[in-house]
Amino acid sequence: EVRLLESGGGLVQPGGSLRLSCVASEFNFNTYAMTWVRQAPGKGLEWVSSMSANSVTTQYADSVKGRFTISRDNSKSTLYLEMSSLRADDTAVYYCAKDREQWLLRGAFDVWGQGTMVTVSS
Amino acid sequence: DTQMTQTPSTLSASLGAGVTITCRASQNIGNWLAWYQQKPGKAPKLLIYRASSLENGVPSRFSGSGSGTEFTLTISSLQPDDFATYYCQQYKTYPWTFGQGTKVEIK
Numbered sequence: 143e144v145r146l147l148e149s150g151g152g153l154v155q156p157g158g159s160l161r162l163s164c165v166a167s168e169f170n171f172n173t174y175a176m177t178w179v180r181q182a183p184g185k186g187l188e189w190v191s192s193m194s195a196n197s198v199t200t201q202y203a204d205s206v207k208g209r210f211t212i213s214r215d216n217s218k219s220t221l222y223l224e225m226s227s228l229r230a231d232d233t234a235v236y237y238c239a240k241d242r243e244q245w246l247l248r249g250a251f252d253v254w255g256q257g258t259m260v261t262v263s264s
Numbered sequence: 002d003t004q005m006t007q008t009p010s011t012l013s014a015s016l017g018a019g020v021t022i023t024c025r026a027s028q029n030i031g032n033w034l035a036w037y038q039q040k041p042g043k044a045p046k047l048l049i050y051r052a053s054s055l056e057n058g059v060p061s062r063f064s065g066s067g068s069g070t071e072f073t074l075t076i077s078s079l080q081p082d083d084f085a086t087y088y089c090q091q092y093k094t095y096p097w098t099f100g101q102g103t104k105v106e107i108k
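Below you can see the structure in the form of structure tokens.
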């Protein structure tokens, strides 16, 4: 079964840092663009960042640009999100998601992880 | 940024009823639109991509239509499993953006 499993969430103080991981299984991870999407408690979905299959292209939402860094290790089938200078409004469930089409950074996500909760609070 | 506006925000309907959710984009996005279903505590599920293409395994009672700035998601006959929140998402231009969601409730 195609699967994504996030980890690394938790409670962090404002200004702190955290690294999220997303391990993929049962598909050719190195041929798909990957994305992080977040959802604040009781709110809607917000696109955060995406990376192409070959790591050449990255995109960020303005709200996280300069603070978050997306990366991937295709040898480990793992996507990362390095988060720094965290703020209270970064509090959310963070999902990793797989692009539906191979190779292209297209933007429709057919596989999602279960999410990992990040809480930024003192 | 391309703003996505869904109407209504909440929809109450009975089992077996047909329902339509509308999503409007603030600029032309062609057919670069997806629809997702999300249940409480769960990840979103892709229903429709490229405005009208049904994702594998999604029941045929779901359909999408539209292009440019106006799109619809139709559920032809509501089933118990369909009560959830639905989101549209444009992926024409960055930042990719979602609608605010439409909650479909049991009447």
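Read top to bottom, the protein sequences are chains P and F. According to my numbering, the first sequence is numbered sequentially starting from 143. According to my numbering, the second sequence is numbered sequentially starting from 2. The beta carbon of each residue, even a glycine, is placed where N, CA and C say it ideally should be.
- Under a 10 Å Cβ-count criterion, residue 160 (chain P) is classified as buried, with 16 or more other Cβ atoms of the shown protein chains found around its own Cβ.
- Listed along chain F, no residue sits closer than 9 Å to residue 210 (chain P) by beta-carbon distance, the nearest being about 13 Å off.
- Note: residue 242 (chain P) is not bridge-paired with any residue in the DSSP secondary-structure output.
- In the three-state reduction of the DSSP assignment, residue 218 (chain P) falls in the helix class, which pools H, G and I.
- For the pair residue 11 (chain F) and residue 23 (chain F), the CB atoms are not nearer than the 8 Å cut-off.
- Here residue 20 (chain F) is buried. Its C-beta has 16 or more other C-beta atoms within 10 Å.
- Secondary structure in the segment 156-232 of chain P: the beta strand (DSSP E) runs of 3 residues or longer, each lying completely within the stretch, are 160-167, 174-181, 187-193, 200-202, 210-215, 220-225 in chain order.
- With respect to chain P, the C-beta atom of residue 96 (chain F) has a partner C-beta closer than 8 Å.
- Secondary structure note for residue 145 (chain P): its beta strand (DSSP E) is the uninterrupted segment 145-149.
- Counting only residues of its own chain and dropping the five nearest sequence neighbours on each side, residue 155 (chain P) has a CB closer than 6 Å to the CB of 264.
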